[in-house]
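Right, one structure below, let's go through it.
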Amino acid sequence: MSVRRSVVLGCGSYLPENTVTNDDLATRVDTSDEWIVQRTGIRERHIAAEGEFTSHLGLKAARAALDHAGVDAQSIDLIVLATSTPDNTFPATAVTIQAALGITHGAAFDVQAVCSGFVFALTTADALLKAGQGTRALVIGAETFSRILDWEDRTTCVLFGDGAGAVVLELQDVPGDMSTDHGILTCHLRSDGNHKDKLYVDGGPSSTQTTGHLRMKGKEVFKHAVGMVTDVIMDAFEASDTCAEDLDWFVPHQANRRIIDASARKLGIAPEKVVITVDLHGNTSAASIPLALDTAVRDGRVKRGDLLMLEAMGGGFTWGSVLLRW
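When you number the sequence shown by my numbering, it's gap-free, plus one each residue, and the end is 324.
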């Protein structure tokens, strides 16, 4: 019996032109290229230009995804944007992108789950398409984290960058066989607000009436990350009757090379199956998974029929996984 699944038609990404290397940062704070690379794997990050907003980054990634998918913007029924750095408190940055694409039908809104945002947005779009809220969706992760960093805090300012990535989903009838179906096979989301103080921004409209800056207890985040990520990935394996050996590619949130490596080892995922791009753009929060995905698709690693595991963990804590066949 056939089922309906959200199939990825195409992907796209965008990084701001301004590249800041570790050596560049070493002129601003007490750090070094060796220190940053050893602890994070990051070598450079991209910083949005003055007047370049999250919507601008997201729009460029969206257009690249539409072009890759070979579909017109007017065929999009739903836009879900994952971001923690919106252009404005409201309206949603998604509607700004919707307007720029010339779309006046359907719905557009933001999802806020920090670094897990793209996984939450994919899951949301998948559920809405299956619920009859359209046939095609544009799912975007876009961030300008440089705007909420304390550039005098060497423990956080070296980690993050700006960027955007997007995918086009289409609801399709497929055979209903987990072992061969294309599209999103299973999604698993979690959150635990008891960990708020470990990764947060110390400002907001209701509390301080300011934007605030990112604050993080790095050792605490690292301690929880591997276990939490493993939890939702094992749930995905159980729900789909798959295992680590079945994966063609592991596309994790690009936060820290050590977290990625530790997670892959614990899950028994071979190193050659792990997509790593954190060295090129740092932690771009909700944009990191679609950035890594687009890189692997365009350089030919990810091919049609490949089984992919996407996973992320972010402030809150939030964490989640999406298993899909390309």
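No residue lacks a Cβ here, since even glycine has one placed at the ideal position from N, Cα and C.
- Between T87 and P203, the beta carbon gap of about 5 Å places them in contact (Cβ cut-off 8 Å).
- Put simply, of V93, S319, W149 and V1 the residue whose alpha carbon is nearest the alpha carbon of H211 is W149.
- Using a Cβ distance threshold of 8 Å, T52 and D75 do not count as a contacting pair.
- In terms of Cα proximity to N16, the closest of A125, G159, I95 and S82 is G159.
- Looking from the CA of A80, the closest CA among L321, L169 and A164 belongs to A164.
- Judged by DSSP in its simplified three-state form, G191 adopts helix.
- Per DSSP, S11 is one residue of the beta strand (DSSP E) stretching across V1 to Y12.
- In this model, R296 and K194 are separated by some 36 Å (Cα to Cα).
- M(-1) is classed as exposed because its beta carbon has fewer than 16 other beta carbons within 10 Å across all chains shown.
- For the beta strand (DSSP E) assignment, the uninterrupted runs of no fewer than 3 residues enclosed by the stretch 27 to 111 are, from N- to C-terminal side, 42 to 44, 76 to 80 and 105 to 109.
- As the crow flies, the alpha-carbon of G68 is around 32 Å from that of W317.
- Residues of the same chain with a CB within less than 6 Å of the CB of V5, apart from the 5 flanking positions on each side, are E168, Q170, H180 and G181 in chain order.
- Collapsing the DSSP output to three states places L245 in coil.
- A Cβ-Cβ distance of about 6 Å is found for the pair T228 and K264, placing them in contact under the 8 Å criterion.
- Where S319 is concerned, there is no enclosing alpha helix (DSSP H), although the beta strand (DSSP E) around it starts and stops at T316 to R323.
- Sorting V249, R299, S82 and V78 by C-alpha distance to the C-alpha of I146 places S82 at the top.
- Shown here, I138 sits in a strand according to DSSP, grouped into three states.
- Taking 8 Å as the cut-off, the beta carbon of V78 is found no closer than this to the beta carbon of A46.
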